[in-house]
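In our numbering, the protein residues as written are 38 to 497.
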């Protein structure tokens, strides 16, 4: 059965006039402060037993619905039950089911909560990076208080957010960070840190490990210390960053290297990947350069479409050659991976590229491509919610005076991020628009229009 047939079958099952209202009922009715759907998924995972009749019935219904979906996606039930012992994964599935009950099956799938929030925890930073979208340096006067930050976690949990990535500025230098990170882990969020790594001593790495933080992503823009330090604005930063990476690896933390892709370093990508593998890093992710913040001053460093095409093709080959995770936030990478592998591999999301295991080839059409305002959003240090860290000028609301859940579900401009059929020019006509669709931040930066074409693609 081909992808189109399976998508049609998924629509038939989850759009069924009986199944969809059942899911809606379970997601909107509560028992002891939790939805029946939440109970049912927890019982399905084996983490809880059904002791009340309503919970037994709910869990049986949800089990049957999930198992129908698994048959289509060719996934084993035991694997999924084991996966859903993880609270953040269960929360993600709950969001998907709740969204289907609310919106039906859409392409791409519209969600009533983002999977991920990138939380720019503070504006304070110990480096002076040339590309910094946040223009980070010193703490802002109106940053959220400790009490407000704890309330943010409560609101994210209430909304159904599955993952939080702490960014900045430099989150690790803020005195509130470890208290909030520990609370995020306790509440079951998949918890990640995006850091420059310069202050990660062995002691701090052990603290990160002991708290239970899932992933640490450390910025490294060149294997040449002089080049890296020049870009990061502080002499000696490279050596401290490498020590931070090694301390994380030594403490068995899932560690990735983040590279901002520029003219100055894109031809280094193979060397960076090889270096990462040799020091025990498990993932290298190459970020699109978006000329916002201080990045506006180095616009000349942006790759042209042909350079980007060459670079992304090299990444695919390196992924195959080096055997570690090689990813890119450039949505075009999804197209490149499919074309270069003749459909054998996919890269529907920023955190996966490889064989289409577990039905990801079907899900790519629903969740792939640029996730701004659709799969994820950003929280600024002052409580502003934006569709993407690279689109700070579009403020959806402030978490101090409006619930996060309301901001996500009741802000009309988000509809434009969630509908790829309204994209303009070649992005709107492209056959890959559902798995790519171009970078909306780049479209906005260059054309002040989030539905404009991405100027970084050879098709535009």
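Backbone N, C-alpha and C fix where the C-beta goes; we use that ideal spot for every residue, glycine too. The structure presented is a predicted model; accordingly, all values stated were derived computationally and were not measured.
Item: Given a cut-off of 8 Å, decide if residue 342 and residue 476 are closer than it, judged by their beta-carbon atoms.; Value: no
Item: If you draw a straight line from the alpha carbon of residue 498 to that of residue 473, how long is it in whole angstroms?; Value: Past the edges of the chain, shown from 38 to 497, lies residue 498, and the structure says nothing about it.
Item: For residue 408, which option in 130, 73, 116 and 155 has the closest C-alpha, if you only look at C-alpha atoms?; Value: 155
Item: Who are the near neighbours of residue 177 in its chain, counting only those whose CB is closer than 7 Å to its CB and skipping five residues on each side?; Value: 160, 418 and 419
Item: Ordered along the chain, which non-local residues of its own chain (more than five positions away) have a Cβ less than 6 Å from that of residue 203?; Value: 156, 158 and 230
Item: Since residue 273 and residue 237 are thought to touch, with beta carbons under 8 Å apart, how far apart are those beta carbons, to the nearest angstrom?; Value: Not quite, the Cβ-Cβ distance comes to about 15 Å (not below 8 Å), so this is no contact.
Item: Would you grab the beta carbon distance between residue 278 and residue 257 for me? Rounded to a whole angstrom, and I think it's under 8 Å.; Value: 6 Å
Item: Using beta-carbon positions only, say whether residue 413 and residue 153 come within less than 8 Å of one another.; Value: yes
Item: Hey, would you say residue 63 sits closer than 8 Å to residue 99, going by beta carbons?; Value: yes
Item: Give the straight-line distance between the Cα atoms of residue 389 and residue 82, rounded to the nearest whole angstrom.; Value: Annotation note: pLDDT 42 at residue 389 (below 50); position unreliable, no value reported.
Item: May I ask you to verify whether the region 205 to 218 touches the region 257 to 272, counting CB pairs closer than 8 Å and requiring at least 3?; Value: no
Item: For residue 224, collect the residues of the same chain with a Cβ closer than 7 Å to its Cβ; drop the 5 residues on either side in sequence, then sort them by chain order.; Value: 190 and 194
Item: With H, G and I counted as helix, E and B as strand and the rest as coil, what does DSSP make of residue 126?; Value: helix
Item: Since I believe residue 406 is in contact with residue 145 (beta carbons under 8 Å), could you give me their beta-carbon distance rounded to a whole number of angstroms?; Value: 7 Å
Item: What is the DSSP secondary structure of residue 336, counted as helix, strand or coil?; Value: helix
Item: Please confirm whether residue 292 and residue 321 have their CB atoms less than 8 Å apart.; Value: no
Item: For the region 329 to 340 against the region 448 to 461, do three or more pairs of beta-carbon atoms, one drawn from each stretch, fall closer than 8 Å, so that the two count as touching?; Value: no
Item: Skipping 5 residues on each side, what residues in its chain have a beta carbon closer than 7 Å to that of residue 368?; Value: 406, 407, 473, 474, 475 and 476
Item: Would you list the residues sitting across from residue 295 in a DSSP beta bridge?; Value: 256 and 322
Item: Taking the CB atoms as reference points, tell me whether residue 92 and residue 80 lie closer together than 8 Å.; Value: yes
Item: Give me whichever residues DSSP pairs with residue 434 in a beta bridge.; Value: 422
Item: Nearest-angstrom Cα distance between residue 309 and residue 422?; Value: 34 Å
Item: Could you work out which residue in 452, 250, 206 and 232 is closest to residue 222 when comparing CA atoms only?; Value: 250
Item: With 16 other CB atoms within 10 Å as the buried threshold, where does residue 444 fall?; Value: buried
Item: Measure the C-alpha to C-alpha separation of residue 123 and residue 227 and round it to an integer number of angstroms.; Value: 9 Å
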